[in-house]
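Remarks on the structure that follows.
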Amino acid sequence: MKTNLSSFDRFLLPGRIWVEEGNGDFPLLRLHADGGDCSVYPYGAHVASFRPAGREEMLWMSPYSAFEEGKPIRGGIPLCFPWFGKHGSRSDLPLHGFARTRAWYLASTAPLPDGRTRAVFTLGDDESTRALWPFRFRLALAISVGEKLEMELKVRNTGAPAFKYEEAFHTYFRVGDPAACEVRGLDGLGYIDRAHGDARVLQSGAARFVGETVNTYRGARSASELVDHSTGQLIRVEQENMDATVLWNPGAAAGGANPEIREAWNQFVCVESANCLDFAITLSPGESHRAIVRLSAGSI
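Quick look at the structure:
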């Protein structure tokens with residue numbers, strides 16, 4: 034996906050925001066602040082890295098991702114919209130919607146008064162999106178980096194009929210060993226165990242990744258913590274206006290069979306913030322909804 038990097042010139046900020054060629058010749062925007070750094074592919078408005086100052090890289094990126102137009106990027110933080118997972122009624126439609134396989138428009142960049150650096154990406158409907166989902170919409174994703182990485186997604190219904198949609202930040206965290214990881218903050222919540230026949234289970238204590246894990250927690254709380262006991266890393270995930278949390282790791286069998294994961298299945302876990310299933314959002318004409326996720330690093 035060759036793009037003239039000079040088209041980004043008016044958005045660059047010396048020492049704060051610059052652009053370079055990323056994988057597959059995709060343009061890659063770099064954001065720097067005193068508290069941390071992140072990088073974003075405008076393709077999919079896809080966050081590819083977040084490194085708080087003095088810390089290790091927080092996100093995992095697949096070494097096998099295709100980086101081809103029309104295909105999603107594997108790893109980092111894919112943005113799922115307007116559905117999460119498989120489409121509810123059509124098997125021919127792409128997994129997790131189409132927002133992650135569209136080139137977003139870089140609308141603005143700015144240094145913020147609190148020292149953070151922000152970039153805003155937008156995406157609207159067109160003939161190709163309406164062929165998959167027949168509604169008019171506008172998305173705006175504001176990405177702000179400092180000690181925390183903040184992502185704020187605004188969805189607006191710009192058409193006549195109401196529509197229902199799902200959304201998720203499908204975050205891949207780099208870990209030393211999935212089996213040594215636990216997620217705190219989900220105790221007492223019910224979840225759907227998709228790896229075991231959609232069993233309904235009540236979480237007791239911290240959640241763990243045992244074999245293939247595909248758990249959708251309903252009525253998620255405003256914050257959870259991913260603890261990796263193999264590295265001593267703690268990651269705090271805060272979410273606003275997002276009512277589900279999804280834990281995912283494919284395990285050895287499914288991960289090994291996935292050409293974009295292979296033997297790297299044990300290098301990551303996903304803690305995803307979502308509005309899906311019973312928590313899908315309905316917008317009347319002219320209405321909008323904001324969903325926010327913040328990531329920060331700590332220690333055990």
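So the sequence shown is residues 34 to 333, counted in the numbering used here.
Ideal Cβ placement from N, Cα and C applies to all residues, glycine included.
In the assembly as shown, Asp231 is an exposed residue. Its beta-carbon has fewer than 16 other beta-carbons within 10 Å.
Exposed is the label assigned to Ser124, since fewer than 16 other Cβ atoms lie within 10 Å of its Cβ. If you draw a straight line from the Cα of Ser321 to the Cα of Phe170, it is about 10 angstroms long. The DSSP-derived three-state label of His229 is helix.
For the 7 angstroms CB-CB criterion, Ala66 and Thr150 form a contact. Counting along the chain, Thr278 sits inside the beta strand (DSSP E) bounded by residues Ala277 to Asn282.
Within the segment 255-328, the complete alpha helix (DSSP H) segments at least 4 residues long are 284-290, listed from N- to C-terminus. In the DSSP secondary-structure assignment, Glu53 is bridged to Leu61.
In the three-state DSSP reduction, Leu174 falls in the strand class (E or B).
Secondary structure remark: continuous beta strand (DSSP E) runs of at least 3 residues inside the segment 84-149, in chain order: 138-144. Residue nearest to Leu280 within the set Ser257, Arg295 and Gly289 is Ser257 (criterion: CA-CA distance). In this structure, the straight-line span from the alpha carbon of Pro318 to that of Ala193 is close to 5 angstroms. Secondary structure at Asp159: coil, using DSSP grouped into helix, strand and coil.
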